[in-house]
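Asks:
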Amino acid sequence: MSSRGPALAFAKSASVASIALEHLTKRYPSGTVALDDLNLEIADGEFVAVVGPSGCGKSTLLRILAGLDVATDGRVTFAGIAPRRDELPSATVFQEESLFPWMRVAENVGFAFDSLDVPRDVVRRRVGEVLGLVGLADHARAWPHELSGGMKQRAAVARAFVTDPPVLFMDEPFGALDEQTRVGLANELMRLWERSPKTIVFVTHGIEEAVTLADRVVVLSARPGQVKAIIPIQYPRPRDAVTIRGEPSFGEHVVRIWELLR
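Residue numbers for the sequence shown follow the numbering used here, beginning at 12 and rising by one.
#1: If you follow the alpha helix (DSSP H) that residue 29 is in, where does it begin and where does it stop?
#2: Taking only runs of the beta strand (DSSP E) that begin and end inside the region 99 to 131, which ones reach a length of at least 3 residues, in chain order?
#3: What residues in its chain sit with their C-beta under 7 Å from that of residue 70, if we drop five residues either side in the sequence?
#4: For residue 193, count the other beta carbons within 10 Å of its own beta carbon; 16 or more makes it buried, fewer makes it exposed. Which is it?
#5: Kindly indicate which residue of 90, 67 and 172 has the alpha-carbon position closest to the one of residue 37.
#6: Tell whether a beta-carbon distance below 7 Å holds between residue 56 and residue 210.
#7: For residue 174 and residue 124, which I take to be in contact (beta-carbon distance under 8 Å), what is that distance rounded to the nearest angstrom?
#8: Hey, residue 208 and residue 101: beta-carbon distance below 7 Å or not?
#9: Quick one: measure Cβ to Cβ for residue 199 and residue 248, integer angstroms, because I've assumed they're closer than 8 Å.
#10: Between the region 44 to 56 and the region 108 to 117, do at least 3 Cβ pairs fall closer than 8 Å?
#11: Straight-line CA distance for residue 33 to residue 82?
#12: To the nearest angstrom, report how far apart residue 61 and residue 39 are at their CA atoms.
#13: Could you tell me the alpha carbon to alpha carbon distance between residue 204 and residue 224, rounded to whole angstroms?
#14: Should the region 125 to 133 be regarded as contacting the region 144 to 164, the criterion being three or more beta carbon pairs within less than 8 Å?
#15: To which residues of the same chain is residue 120 closer than 8 Å at the C-beta, ignoring the five residues directly before and after it?
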């Protein structure tokens with residue numbers, strides 16, 4: 012699923028935003044504590060992957076960042092400002108299928124502009140450009156049921172990028188796909204991000220995927236989730252999701268993160 016940020020997202024298309032999480036705690040009415048005094052700073056234009064044991068609060072964290080849930084304590088700021096939910100300069104991509112079945116692919120992607128005052132010719136041009144970047148130019152008129160799982164997620168990613176928001180949240184967007192498709196989508200995501208820099212927070216269960224994509228991998232502890240470790244990934248960019256796995260230190264990063272998750 013892809014959700015839109017506010018109208019200012021497209022107007023600020025050239026900007027990126029830092030994110031600061033200060034003493035973030037999420038406690039449910041049942042008494043369960045999902046996140047406990049979590050602190051994290053994410054730099055402008057940084058690609059951060061978040062990993063952790065099942066149930067550690069990764070998705071809860073992302074939902075709070077995206078304005079879809081509210082922290083019990085603490086705060087989140089974007090470039091030093093704590094915006095209202097409807098002011099969040101972001102888009103979100105989830106694992107679940109999100110395309111509207113009654114809209115063709117181009118219409119689904121263009122729907123991100125629905126609440127924005129953008130001329131139709133600009134929307135058409137931008138939709139065509141982004142569909143080309145994700146390899147769906149020839150499927151602009153297709154219906155969602157005619158697409159494979161990987162193509163549907165390409166369309167969801169295109170919808171998130173099309174308004175060029177400064178911040179993008181991704182909650183296991185490739186988790187339901189086969190490994191070959193995931194690697195291909197990882198490359199396409201990196202190419203999009205390199206063309207259109209933005210701050211990305213990417214939640215995943217895939218350790219190799221996290222090391223492939225991120226500038227830093229944030230490892231959360233078991234519930235209640237706290238930052239257990241932050242692993243810098245210093246491979247140069249542009250990267251390739253296949254050849255990077257041949258780097259001598261790639262396996263070392265993966266093993267280190269697995270050890271932290273034990």
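Glycine residues also receive a C-beta, built at the ideal position from the N, C-alpha and C atoms.
Replies: According to the data block:
#1: Start at 1 with the first residue of the sequence shown, and residue 29 comes out as number 18. From DSSP, residue 29 is part of no alpha helix (DSSP H); its letter is neither H nor E.
#2: Taken in chain order, the whole beta strand (DSSP E) runs of length 3 or more contained in the region 99 to 131 are 101 to 105.
#3: In the sequence shown, residue 70 corresponds to position 59, counting from 1. These residues qualify, in order along the chain: 182 and 214.
#4: As a first step, residue 193 must be located in the sequence shown, where it is residue number 182. Buried: at least 16 other Cβ atoms inside 10 Å.
#5: For the purposes of this step, residue 37 is taken as residue 26 along the sequence shown, with counting starting at 1. The residue from 90, 67 and 172 with its alpha-carbon nearest to that of residue 37 is 67.
#6: Taking the first residue of the sequence shown as position 1, residue 56 is located at position 45. Taking the first residue of the sequence shown as position 1, residue 210 is located at position 199. Yes. Within cutoff.
#7: Position 163 of the sequence shown, counted from the start, is the residue given in the question as residue 174. Position 113 of the sequence shown, counted from the start, is the residue given in the question as residue 124. Between residue 124 and residue 174 the Cβ distance is about 6 Å, and since that is below 8 Å, they are a contact.
#8: Locating residue 208 in the sequence shown gives position 197, counting from the first residue. Locating residue 101 in the sequence shown gives position 90, counting from the first residue. Taking 7 Å as the cut-off, the Cβ atoms of residue 208 and residue 101 do not count as close.
#9: Here residue 199 refers to the residue found at position 188 of the sequence shown. Here residue 248 refers to the residue found at position 237 of the sequence shown. Not a contact, Cβ separation roughly 15 Å.
#10: By the Cβ test, the region 44 to 56 is not in contact with the region 108 to 117, since fewer than three Cβ pairs between them sit closer than 8 Å.
#11: Along the sequence shown, read from residue 1 onward, the residue named residue 33 stands at position 22. Along the sequence shown, read from residue 1 onward, the residue named residue 82 stands at position 71. Annotation: residue 33 to residue 82 spans about 11 Å, alpha carbon to alpha carbon.
#12: Translated into positions along the sequence shown, residue 61 becomes position 50. Translated into positions along the sequence shown, residue 39 becomes position 28. Those two C-alpha atoms are separated by around 22 Å.
#13: Looking up residue 204 in the sequence shown gives position 193. Looking up residue 224 in the sequence shown gives position 213. Taking the straight line from one Cα to the other gives about 10 Å.
#14: Using a C-beta cut-off of 8 Å, the region 125 to 133 makes no contact with the region 144 to 164, since fewer than three inter-stretch Cβ pairs fall below that distance.
#15: For the purposes of this step, residue 120 is identified with residue 109 of the sequence shown, where counting begins at 1. Contacts found: 138, 141, 142, 166, 169, 170 and 173.
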